[in-house]
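Colleague: The structure's right below; bear with me while I get my questions together.
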Amino acid sequence: CSGKLRHAQPLGCVSPLLLGTALCWTWVEKDFPVLFCQLSLPDQSMKPQLAAPQLATNNPTLTTVALEKPFCMFDSSLHPNKSYAIYLYVMKSSASTISSVVTDSSSKPLDSTFQQTHGGHLGPYKAASFDVPNCVSPPKLADAGDIDKVSDVLKQYLFRVGDDGTCLYDPNFLDVCNPPLEPDTTYRFKYVLVDNTEGIMKDQTLWSDPIKTRKAKLPMKIDIWPGRRSGSMIVITSILSVSVFLLLAGLLTSVFSALVESEDPSAETKGTSETTQQSELRPQLSSE
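Here the sequence shown stands for residues -24 to -1, 1 to 264, numbered as in mature numbering (1 follows the signal peptide of the UniProt record, and there is no 0).
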């Protein structure tokens, strides 16, 4: 038992040993070793979460999902004088569990792109890389009410997946591409802590719970405030409105024309003179 943890009772000793995800103790009692293992699972809370609705309304949208950044998740894995980054991976929930690995055999994080994985259908793709959030001084959510500070608070607090609509089509774009997600599609997300110096993964979260983007509504089913009319009602209302406008325009034109004619004295004088001339000619013709 030399160099091992002495047990409280003088019957033997224990020695901790980490085997994969299992924490084991070697128990030596009367010269007979006994192995006792306890499965060590990651903390279930260590998974990406949707951003607070106070800061990200209408979340998810048709093509984006706003996630909380991993504040204080990896503190136990950080070491002084080392540089780290957070990688965000995305995959469709329908992707195979076997293909959900985000590192290679040497623990280096994968650089799979949106195009290579068909938008996450074949496996996870790298959607973002950013600095480790500052757990010591996180953003104050109360500052979100300040119009001068809200932009910085949102930038520090959340990351919006699917927020770049141009990177796929820009030949000069060299950064990590974060293209729009598909509507009505379920995704999962994972944060990975990467040592920038060694280029290897130091820690990771679990895959998030399934998060589904919104479904596009058909025009016939769109609710319009305040009447919540259907698409057909909107069309009928528009046609009736135009018809009423045309009728009113025609009525006003008729009234205006009548007023103009009644106020034109030349037309009335001309008509009177013509009648008088005809009356004077009739007696002359009869006398002849």
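We put the CB at the ideal spot given by N, CA and C, even for glycine. No experiment lies behind these values; they were computed from the predicted model shown.
1) Which residues bound the beta strand (DSSP E) around V168?
2) Rounded to whole angstroms, how far is the Cβ of F165 from the Cβ of K45, which I believe are closer than 8 Å?
3) How is A118 classed by DSSP in three states: helix, strand or coil?
4) What do you get for V168, buried or exposed, if any count of 16 or more other CB atoms within 10 angstroms of its CB means buried?
5) For Y145, count neighbouring C-beta atoms within 10 Å of its own C-beta (all shown protein chains included) and say buried if the count is 16 or more, exposed if not.
6) Closer than 7 Å by C-beta to C111: which residues in its own chain qualify, once you throw out the five before and the five after it? Chain order, please.
7) When DSSP labels each residue in this structure, what does A104 get in the three-state scheme?
8) Within its chain, find whatever has a CB closer than 7 Å to the CB of P18; leave out the 5 residues flanking it on each side and keep chain order.
9) Do S83 and I176 have their C-beta atoms within less than 8 Å of each other?
10) How long is the line joining the alpha carbons of V211 and A225, rounded to whole angstroms?
11) Tell me the DSSP secondary structure of D179 in three-state form.
12) Who are the near neighbours of Q92 in its chain, counting only those whose CB is closer than 6 Å to its CB and skipping five residues on each side?
13) Classify A43 as helix, strand or coil using the three-state DSSP reduction.
14) Starting from the C-beta of V126, find all residues in its chain whose C-beta is less than 6 Å away, skip the five residues before and the five after it, and write them out in chain order.
15) Tell me R190's beta-bridge partners as DSSP assigns them.
16) From A32 to V220, what distance separates their C-alpha atoms?
17) Would you kindly check if the distance between the Cβ of L130 and the Cβ of T40 is under 8 Å?
18) Out of V231, Q180, G95 and G138, state which residue places its alpha-carbon closest to the alpha-carbon of A43.
19) Give a yes or no on whether the C-beta atoms belonging to Y63 and K102 are separated by under 8 Å.
20) Between the alpha carbons of Q30 and V78, how many angstroms are there, rounded?
21) Have a look at P36, K178, Y163 and H97 and flag the residue whose alpha-carbon is nearest the alpha-carbon of H55.
22) Please go through the same chain and pick out, in chain order, the residues whose beta-carbon is closer than 7 Å to the beta-carbon of A71, but skip the five residues on each side of it.
23) Between which two residues does the alpha helix (DSSP H) carrying L130 extend?
24) Of the choices S233, P114 and P186, whose alpha-carbon is the least far from that of Q25?
Modeller: Short version:
1) T162 to D171
2) About 12 Å separates the two Cβ atoms, so there is no contact after all.
3) helix
4) buried
5) exposed
6) F47, C48 and D51
7) strand
8) Residue confidence for P18 is low, a pLDDT of 45 falling below 50, so the modelled location carries little weight and cannot support an answer.
9) yes
10) 21 Å
11) strand
12) none
13) Here the sequence assigns Leu to residue 43, which means Ala is not the residue at that position. Strand at L43.
14) A120
15) Bridge partners of R190: none, in fact.
16) 43 Å
17) no
18) For clarity, residue 43 is Leu in the given sequence; the question names Ala instead. Closest by alpha carbon: G138.
19) yes
20) 32 Å
21) K178
22) G96, H97, L98 and G99
23) V126 to Y133
24) P186
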